Every structure is written in C-alpha cells, then in structure tokens.
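The structure appears below as structure tokens.
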Amino acid sequence: DAGVIQSPRHEVTEMGQEVTLRCKPISGHNSLFWYRQTMMRGLELLIYFNNNVPIDDSGMPEDRFSAKMPNASFSTLKIQPSEPRDSAVYFCASSKSWGGELFFGEGSRLTVL
Amino acid sequence: EDKVVQSPLSLVVHEGDTVTLNCSYEVTNFRSLLWYKQEKKAPTFLFMLTSSGIEKKSGRLSSILDKKELFSILNITATQTGDSAIYLCAVEAGNNAGNMLTFGGGTRLMVKP
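Sequence lines, in order, name chains D and S. Counting in this note's numbering, the first sequence runs from 1300 upward without gaps. Counting in this note's numbering, the second sequence runs from 15 upward without gaps.
Have a look at this one:
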C-alpha cells in the first residue's frame, strides 16, 4: 500500500494568500485526521472525519481554516487568508474506524511570510 | 479537556544507556494509549496499550500502562544513535460518537556515540 499521501510537501507563500493542502488516505481506512505540529504547541488535532463526515472540528483555530472530504479517498485543508502564525507542519493521518493506530502522511511544511 | 503530559522534555544519553520516558494522562473515556517515534518526518507507530500491567515489547523497546495511576512508560535499553528521535505519547479517548487521539508534547531523545 502507498500509505497516506500528502501534497505539497513544502509550501512557501505570502501572508494573505490562500493555501490548500491535500491528503489521500490509505484505501479502506474510514477515519481521517488533520494535525498541525509546531515547536511551541506540539501535535494538535485540527479536525477528524469518519466516513467522510466531519465529526469534530473543535481544534480548527478559526474561520480562516476549513476542511473538506468529498469522498473516501481525498481531503483538503484550506487556509484563507493565511497568516505567518499558520506556519507549521500539517499532517494528515488515517485509521480504520475505531482502531487506535494512526498512519501518518509525510506532512506538508507550510511557511507563511 | 483531555490532557497528556510527557517527561522529560528532552534527554541526552550515550550509546548503551537505558532510558525511561514517561507519559501521564487525564482523559474522559480512556480507550488506549499509543507510543510513536518521530524522526525527521511523520510519526511512526510503536505500541498500543489498552490493559494495565501487560508489557509490550519490541526488540530493545518496551512499554507498560498503569490505568490506576494514569501513566505509561517507554523503556529503551542499550540505546543506539538511531534511537535519536522525538517520542510521542497519545491517548485515544471518546465515546460511541467518535474516538480521537490527544498527543503529549513529546520527549526529544538524543543518543550520542
């Protein structure tokens, strides 16, 4: 299996620009998670989908962040407009429904200037 | 609010030393505790613990959970430079509506030759 696939791997953008991060979960996995990792705050859960439905988005920092999962094999995390404090590594992870083991993608490193 | 705390924050040892990493938690509806190793990229799964007192072992790594005292330890014996990484503890908690992982801040381990 190819594992969880994220793109882009690196993104450098200017404040105010829209950023879209993409994720393809492992085939057959029903749960998808978006995490953000920074030195200051560690790994934080942003949003969690189960069977393509958002279950908990309480970790989404503010309205500038939105996430969608239009089908079982694709999800996006969008930041509009981006700010320098959004600079972080964004991880997508997937798991079988109620199983605890997460499989992480390689991450998307975002730098907002 | 669910909370996972790891200690120490960082650790520097020499090859051959034994290290013990700690993870304590306060969560509602505990389901499992997981350990991950993060080198340069995505976290990779090490162990999942659900029952108290049962040691999980993989080579030089072992882990045990105490559900009464709400903590887990990860032991690494005969450390090698390849063990240098951030070790993340995560707790899965939730109810029938969904399970989520809450991560600790991680312990950064550096093993010197």
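Just so it is clear, CB atoms sit at the ideal spot from N, CA and C, and this is done for glycine as well. Given the structure is predicted, the values throughout are model-derived calculations rather than measurements.
- One finds Ala56 and Pro57 in chain S with Cβ atoms closer than 7 Å to the Cβ of Phe1403/D, taken in chain order.
- By DSSP's assignment, Gln52/S forms a beta bridge with Pro57/S and Ile100/S.
- Phe1348/D sits away from Leu1401/D, with the two beta carbons spaced by 9 Å or more.
- Chain-ordered, the chain D residues with CB closer than 9 Å to the CB of Gly120/S read Gly1341 and Leu1342.
- Looking at the backbone, the Cα of Lys1395/D and that of Ala107/S are separated by about 15 Å.
- Flagged as an interface residue toward chain D: Met62/S, by a C-beta distance shorter than 9 Å.
- Beta-bridge pairing by DSSP links Val1318/D to Ile1378/D.
- Any Cβ of chain S closer than 9 Å to the Cβ of Phe1332/D would place that residue at the interface, and such an atom is present.
- In the structure shown, Thr1337/D adopts extended strand secondary structure according to DSSP, grouped into three states.
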